[in-house]
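For the sequence shown, full-length UniProt numbering assigns the number 1 to the initial residue and increments by one for each residue that follows.
Where is the CB? At the ideal position from N, CA and C, for every residue including glycine.
The next block holds one structure in the form of structure tokens; read it before the comments.
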Amino acid sequence: MARRDPLPRTQRILQLSAWRRDVRALVALRAAFRCEHCHGFTGMDGECDHIVSRRKLAETGGSPWDTANLQWLCPGCHSRKTAAERRAARPQRPRSTLHARAPIAGREAFLAAAGFPAPDQPPSPAPVIVI
Ligand SMILES: [Zn+2]
Numbered sequence: 001m002a003r004r005d006p007l008p009r010t011q012r013i014l015q016l017s018a019w020r021r022d023v024r025a026l027v028a029l030r031a032a033f034r035c036e037h038c039h040g041f042t043g044m045d046g047e048c049d050h051i052v053s054r055r056k057l058a059e060t061g062g063s064p065w066d067t068a069n070l071q072w073l074c075p076g077c078h079s080r081k082t083a084a085e086r087r088a089a090r091p092q093r094p095r096s097t098l099h100a101r102a103p104i105a106g107r108e109a110f111l112a113a114a115g116f117p118a119p120d121q122p123p124s125p126a127p128v129i130v131i
């Protein structure tokens, strides 16, 4: 039995873009051309978004082609969601210690000499001036 030849590259790309165009229209129609986050009217100017990101799907083995995982968002909501996902995926860096207060020898004595109360003592009441 002869094996079917794979489609030429250009035809595969055209089929994929036709699929994308049709799915995009389906998701927009399903959402009544409104952003599914802010409910603003987008017409066909909205964007098709993966609810569970493709990065997460790649990790969990989910299918990026599942239309139940698609939603219709306005460009603003889509970019905010994408930015939040990227922020969440970024490895957490340790907090900078640049502004942390280092112990300074003689600091307590200096503050006491300048009239500041010690940190463990309540501030002294303001002096009462009688005229
Ligand atoms: Zn929106």
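- If only complete runs of 3 or more residues are kept, the stretch 33-109 shows the beta strand (DSSP E) at 47-50 and 70-73, in order along the chain.
- When DSSP states are grouped into helix, strand and coil, A126 belongs to the coil group.
- For R34 and P103, the gap between their C-alpha atoms comes out near 57 Å.
- Within the same chain, and ignoring the five residues on either side of A112 in sequence, the residues whose Cβ sits closer than 7 Å to its Cβ are A118.
- With a cutoff of 8 Å on beta-carbon distance, A89 and R55 are scored as near each other.
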